[in-house]
Structures are given as structure tokens and as C-alpha cells.
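Enquirer: Would you mind keeping the following structure in view while I ask a few things?
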DNA sequence: AGAAAAAAGGTCAAAAAAAGTCAAAGAAAA
DNA sequence: TTTTCTTTGACTTTTTTTGACCTTTTTTCT
């Protein structure tokens, strides 16, 4: 059985689909009630599954009548493309970052499942272990080249 | 009487058959309970009987909701393939060697043009430069993982 | 208007729930 | 009797879940 965090993630993503809009507004307390869990569990899900690198942006308001909004950032969007390139041109990238980033490309169908698996297998710690302290730098360079390749007109 | 390790091995392989799927997901703790042994016994079985060279690839996740997956590789009876995996696992590989290897995979239509481009962009010198003297070892590890991924029955 | 209460959401660290590692002890084989 | 293979358990690491305490915003009551 999948974890509670996974269920909440799926629930939110389904809602987003159904909404047929790129923005979803929810109340933390209500959502926690639906899953009968503590409210901070919702924050955990947002922090681990709905970060900017993953293609979602979250804003919230406290106080009575508070809420949070999840906005999906589309790669198709030109501005987002620039963000992507900027992100990937960072000099270091740990595995988790790369995974979130690739998860996003997969979700948005920029890459397909097989490409995802292939890339993941090449950037994982096992592959890069011999690089020692240079691991995150190598990964960043690889990710940059992946993006450049994906953007090539003849890909 | 056969050893416990052998029984667990048979049990897993039977499950794999029955599942009529190339991928099996299990919980280490549950399996240990079935055989009333310590959980690390399961790791022993996986390490000695389900290695890549033996035609199985294992992936796992720790933490609450953790599990492991055993994926069958399509090498089955193919001794040559198993040897190839073993060979690639050990070596260092410079760019030219990797290029020839990938070229063959492309010719034999194991991979397609896009995959070829993607992989090449990740193993080239530019990507791996920061690895310094470890470059060829990193490339070999990457190529091994590429091979494993391509052979995954669920690829 | 100002103060207090209520109604949210945020943070952080501890507890819980897995899985991994490694070395020592025991059993089997050579 | 060495050597190799198996079994066990103490300790580690990772991921999720929970709860106590904090901050912000609105509402209600003098």
C-alpha cells in the first residue's frame, strides 16, 4: 500500500486535471480532514512533490479564511523555458534535484518514460560515484547537455 | 534440506513467474516475516541470487512505505549477454570505445537515433570533464547502467 | 478604535517506519 | 582443517508521520 503522502499527491494532481485550469485553491485544514491526518502532513507533500523544479508553484495566505494555491508552470511557456535553462546551467546538481527536474519533464511529456529511465540510470549515484567530490558538477554538466539535446531542432 | 536462502530464492522466482509480469514489488519486512528470519537475510538473497549479471535488477526505497522491486532482465538464457554485462561492469571506457559500442546498438536497432544522441551527449568529454582522472571509470559505470536499463523487461 | 479571541497556515524537531551495511558467529563443503 | 557460504544482529540512513509551538489575518466584543 502506497503512503499517505503519495495518496495526497495523486489526489491533488487529479484535482488539477479535473480543474482544467492551471491553478487550484485548497484549504489545508480541509484537505487534512479528507485524509484524516495532521495539517502539517499537507506541507510535507507540498514541499516534497510540488516544488518549483517540479513544475508547480505554491502560494498561501495565513489567518482566518486562509488557503493555498497550487499553480502549474508549463514548459511550453517561454519564460519557463528560460527558467529551465537557468536552473540546469547551475554548476552543481544533486541527485534529488535532478530527479525532481526530470520528473517534471516527464510529467509534461517533454521526455518519455524510456528516456526518463535511461537518463536517471546515467545520473544516479551509482553511475557517478567514482567522480567523488565532483559528482554534483558532473551531473549538472550532463543535465545541461541533456537539455541542449532535447532542444535541438533535429532531435 | 535446502538452505533458507534457497527457499527464499525459489519463492521469489515463483512469484515472478506467477505474476506473469516482469517486475515484482515486495516489502523486505513482510518477506522476512513469511520466512521468520531477520530482514537482512533478504538482502543476502538479493545480493547472491538476483544480481545484474544473473539477469535481475533490484531497486529499492527506504523509509516509511519502503519496498524493493525485482526486475527481470531480458538476458534469460543468453550467456553471452550476461558476460557482456559482467565485462562492462568492470572496465574503464574511453569515449571512442563507448561510441563504438553505442554505434553497434544503434545499428542493431536496440536503441534509436534520439536515444543515441541523448546518451552520447551525456557521456562525452564535456559532460564528464570535472570527473578528471575518473572520467573513464564514470563512463564505464554509466554504460553499464545504460545496458541494464535497455535490458529491463519493462523498458 | 483597540483588545481579545478565533481561525487559519507555517516551522521544526522528534518519533516511527522502513531499508541498508557490515562484521561476527555458525554451518557446510572441500 | 581450512575455506566458503549462510545466518544473525547491532548500528546506520532514508523517508514519512505527528505534534507542539509560532505567526498572520480576520472577527468579535467592549
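Protein chains in written order, with our numbering: chain G, 857 to 1011; chain E, 857 to 1011. Glycine included, every Cβ here is placed at the ideal spot set by N, Cα and C.
1. Taking residue 996/E as the reference, which of 1006/G, 883/G, 1003/G, 984/G has the closest Cα?
2. In the DSSP output, which residue or residues are listed as bridge partners for residue 961/G?
3. Consider the Cβ of residue 994/E: report whether some Cβ of chain G lies at a distance smaller than 8 Å.
4. Going by DSSP, which residues form a beta bridge with residue 925/E?
5. What residue range does the alpha helix (DSSP H) around residue 1004/E cover?
6. List the residues of chain E whose Cβ lies closer than 8 Å to the Cβ of residue 888/G, in chain order.
7. For the stretch 908–940 of chain E, which residues have a CB atom closer than 9 Å to at least one CB atom of chain G, in sequence order?
8. Indicate whether residue 876/G and residue 960/G have their beta-carbon atoms separated by less than 8 Å.
9. DSSP three-state label for residue 951/E, please.
10. Grab the span of the alpha helix (DSSP H) containing residue 905/E for me, first residue to last.
11. Quick one, are the C-beta atoms of residue 941/E and residue 1008/E less than 8 Å apart?
12. Just confirm the distance between the C-beta atoms of residue 977/E and residue 1001/G, as a whole number of angstroms; I'd bet it's less than 8 Å.
13. Going by other Cβ atoms of all chains shown within 10 Å of its Cβ, with 16 needed for buried, is residue 894/G buried or exposed?
14. Are there any heavy atoms of the ligand MG lying less than 7 Å away from the beta-carbon of residue 971/E, as far as the coordinates show?
15. Closest by CA to residue 885/E, which one among 907/E, 937/E, 922/E, 994/E?
16. Could you name the residues of chain E that residue 1004/G contacts, counting a contact when the two beta carbons are closer than 9 Å?
17. Do you know how far the Cα of residue 904/E is from the Cα of residue 913/E?
18. How would you call residue 919/E, buried or exposed, if buried means at least 16 neighbouring beta carbons within 10 angstroms?
19. When the cut-off is 8 Å and only beta carbons count, does residue 971/G lie next to chain E?
20. Below 8 Å on C-beta distance, what does residue 1001/E contact in chain G?
21. Less than 8 Å between CB atoms is the rule here; does residue 987/G satisfy it with respect to chain E?
22. Hey, quick one: how far does the alpha helix (DSSP H) through residue 977/E stretch, first residue to last?
Expert: Reading off the structure:
1. Residue mapping note: residue 996/E aligns to position 140 of the second chain, counting from 1. It is 984/G.
2. Residue mapping note: residue 961/G aligns to position 105 of the first chain, counting from 1. Paired residues: none, contrary to the question.
3. By 1-based counting over the second chain, the position of residue 994/E is 138. It does; some Cβ of chain G falls within 8 Å.
4. By one-based count along the second chain, residue 925/E stands at place 69. 881/E, 915/E, per the DSSP bridge assignment.
5. Within the second chain, the letter at position 148 stands for residue 1004/E. Run containing residue 1004/E: 991–1007, per the alpha helix (DSSP H) assignment.
6. Indexing the first chain from 1 puts residue 888/G at position 32. Within chain E, no residue comes near residue 888/G; the closest Cβ sits about 18 Å away, beyond 8 Å.
7. 919, 920, 921
8. Start at 1 with the first residue of the first chain, and residue 876/G comes out as number 20. Start at 1 with the first residue of the first chain, and residue 960/G comes out as number 104. No, they are not a contact pair.
9. The residue given as residue 951/E occupies position 95 in the second chain. Three-state DSSP puts residue 951/E in a helix.
10. Position 49 of the second chain, counted from the first residue, corresponds to residue 905/E. Residues 896–905.
11. Position 85 of the second chain holds residue 941/E. Position 152 of the second chain holds residue 1008/E. The answer is no: Cβ separation not under 8 Å.
12. On the second chain, residue 977/E is found 121 positions in, with the first residue counted as 1. On the first chain, residue 1001/G is found 145 positions in, with the first residue counted as 1. At roughly 4 Å, the Cβ-Cβ gap stays under 8 Å, so residue 977/E and residue 1001/G are in contact.
13. In the first chain, the residue the question calls residue 894/G occupies position 38. The residue in question, residue 894/G, is exposed, as its Cβ has fewer than 16 Cβ neighbours within 10 Å.
14. In the structure shown, the ligand MG is absent, as is every other ligand, since no ligand is present at all.
15. Counting from 1 along the second chain, the entry for residue 885/E is found at position 29. Checking every option, the nearest Cα to that of residue 885/E belongs to 922/E.
16. Locating residue 1004/G in the first chain gives position 148, counting from the first residue. Chain E residues near residue 1004/G: 977.
17. Counted from its first residue, the second chain places residue 913/E at position 57. Counted from its first residue, the second chain places residue 904/E at position 48. Those two C-alpha atoms are separated by around 12 Å.
18. Start at 1 with the first residue of the second chain, and residue 919/E comes out as number 63. When all chains shown are included, residue 919/E counts as exposed.
19. Stepping through the first chain from its first residue, residue 971/G is reached at position 115. With 8 Å as the cut-off, residue 971/G counts as an interface residue toward chain E.
20. As a working mapping, residue 1001/E is identified with position 145 in the second chain. Those within 8 Å of residue 1001/E in chain G are 977, 978, 980, 982, 983.
21. The residue given as residue 987/G occupies position 131 in the first chain. Interface residue, yes.
22. Here residue 977/E refers to the residue found at position 121 when the second chain is read from its first residue. Here the alpha helix (DSSP H) through residue 977/E covers 969–979.
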